[in-house]
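Presented below is the structure to which this report refers.
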Amino acid sequence: MSNNASTFRLRTEVRWLLKEDYSNVICIDDINLNEIHNQRKLDIILVDHNYLNSNLNENVIEIIDHHPLKNGSIMLQDPSKIKIEYVGSCCTLIAEKLFSLNFKMTEEIAYLLTGPIVFDTVNFSSSAGKTTEKDRQIYAQLQTYRPQSDNDLELYDNIMKSSADVTGLSVQDLLRKDAKQLSGSNICLIMSSLPMNYTVEDFFGKLKTLNDINEFLSENENTDGVIITSVKVENTVTKRQLGFYFKKIEHTQLIYKYILSEEVNLDLQERSIPINQARIKLFDQKNVLASRKQILPLMEQFIKDLVKSDIS
């Protein structure tokens, strides 16, 4: 896994799906990748990613991903080793590859692939807008290996409940649980997705002071700010919120103007917040089809276009 062993505890949905059997889970800090790289023994297959922020790009031999390509995405000489397709779940592409290789599928592996597919597509919810025909086809194919597959609504509910379990999680834990760092020459920020059904409004309501967020930013290379997204599903209806906090009011004003622009097209409606702080903003996101997968490139473009004169 790309998680550190110390943060694996935050992946409650993964832990639930594995049924508490973590003995075969290998975290990123369990292996010295640089040492294997120096020994010229390292081959990397990127799954659910198409770029690395490291010196290991040359070791990538294959990519399987469902995120848009961007500047910095790895290009391999053999195009057959790159599978980029905009499906709801990357596990759809993994299962498709296994089927194409005549892999001996088992009930257990079919179950482990089914879980992320139903979770990522919000159980094939039309309002979430994340399901493709290929997701449905591969899901149906997986079910032929699962005699007890008629209870997948319960499977989805259990994974969602596990993902939404915030018991004992601090403010820093909530931000750290699903975070991606974006860096540019003039600004660095983090995009954090909150657990399912835990809204940005809930998060801001949990804040007593800004110390917790500032501490989180300091621990992550003294990042300038954080964009926070959430999704809540009620009776198959998807609702999204977006919020942010920046240490400098200049950054707050710039990102505020950018995300409300027509080109970004998130259809945001600003909300009042339970904490009196001008550097915090909260919005209902009416364009519920725009998940973090779509918002992330917009934030990367903002970082790329930001020049020093804008914040001086």
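This note's numbering puts the last residue of the sequence shown at 312; the count rises by one with no breaks.
Even glycine gets a Cβ: it sits at the ideal position worked out from N, Cα and C.
Span of the beta strand (DSSP E) around residue i
i, result
"Cys188", "Cys188 to Ser193"
"Gly225", "Gly225 to Glu234"
"Ile84", "Ile82 to Ile84"
Helix, strand or coil at residue i according to DSSP, with G and I counted as helix
i, result
"Phe246", "strand"
"Leu182", "strand"
"Ile159", "helix"
"Ile270", "The question names Ile, yet the displayed sequence has Glu at residue 270. Strand, per DSSP."
"Asp48", "coil"
"Phe124", "coil"
"Val60", "strand"
"Ile280", "strand"
"Lys239", "strand"
"Gln285", "strand"
"Asp30", "helix"
"Asp65", "strand"
"Glu262", "coil"
"Asn55", "coil"
"Ile74", "coil"
"Arg313", "Residue 313 lies beyond the range of the chain shown here (1 to 312); nothing can be said about it."
"Gln39", "coil"
Residue span of the alpha helix (DSSP H) that contains residue i, given as start and end
i, result
"Arg292", "Arg292 to Asp305"
"Phe8", "Here Phe8 belongs to no alpha helix (DSSP H), and DSSP marks it neither H nor E."
"Lys134", "Glu133 to Gln143"
"Gly129", "Taken as a continuous stretch (DSSP letters only), Gly129 belongs to no alpha helix (DSSP H), as it is neither H nor E."
"Phe103", "Where Phe103 is concerned, there is no enclosing alpha helix (DSSP H), given that its DSSP letter is neither H nor E."
"Gln148", "Taken as a continuous stretch (DSSP letters only), Gln148 belongs to no alpha helix (DSSP H), as it is neither H nor E."
"Gly205", "Val200 to Lys206"
"Val171", "Val171 to Arg176"
"Ser218", "Asn211 to Glu219"
Residue i versus residue j - alpha carbon distance
i, j, result
"Arg68", "Ser89", "Here the sequence assigns Pro to residue 68, which means Arg is not the residue at that position. Going by the C-alpha atoms only, they are around 13 Å apart."
"Tyr245", "Asp150", "44 Å"
"Phe8", "Ile26", "10 Å"
"Asn276", "Pro116", "38 Å"
"Arg15", "Tyr22", "7 Å"
"Glu85", "Leu93", "8 Å"
"Ser54", "Glu263", "32 Å"
"Ala95", "Ala278", "47 Å"
"Pro297", "Lys180", "12 Å"
Cβ pair residue i, residue j closer than 8 Å
i, j, result
"Leu182", "Met299", "yes"
"Ile159", "Phe119", "yes"
"Gly184", "Lys304", "yes"
"Arg271", "Asp284", "yes"
"Asn50", "Ile28", "no"
"Val87", "Thr238", "no"
"Gln241", "Leu207", "no"
"Lys83", "Ile64", "yes"
"Leu10", "Lys177", "yes"
"Leu260", "Leu112", "no"
"Ser163", "Thr12", "yes"
"Leu217", "Lys248", "no"
"Asn186", "Leu306", "yes"
"Thr199", "Lys161", "no"
- Taking contact to mean at least 3 C-beta pairs separated by less than 8 Å, is the region 133–148 in contact with the region 201–212? no
- Query: Is it a yes or a no for the region 222–229 touching the region 190–205, going by three-plus beta-carbon pairs under 8 Å?
  - Reply: yes
- Decide yes or no for the touch test of the region 98–108 against the region 51–63: beta carbon pairs closer than 8 Å, at least 3 of them. Contact between the region 98–108 and the region 51–63 is absent: fewer than 3 CB-CB pairs across the two stretches fall below 8 Å.
- Message: For the structure I just gave you, are there three or more beta carbon pairs, one from the region 161–171 and one from the region 278–296, closer than 8 Å?
- Response: no
- Task: Would you be able to state if there are at least three C-beta pairs under 8 Å between the region 107–118 and the region 260–274?
- Result: no
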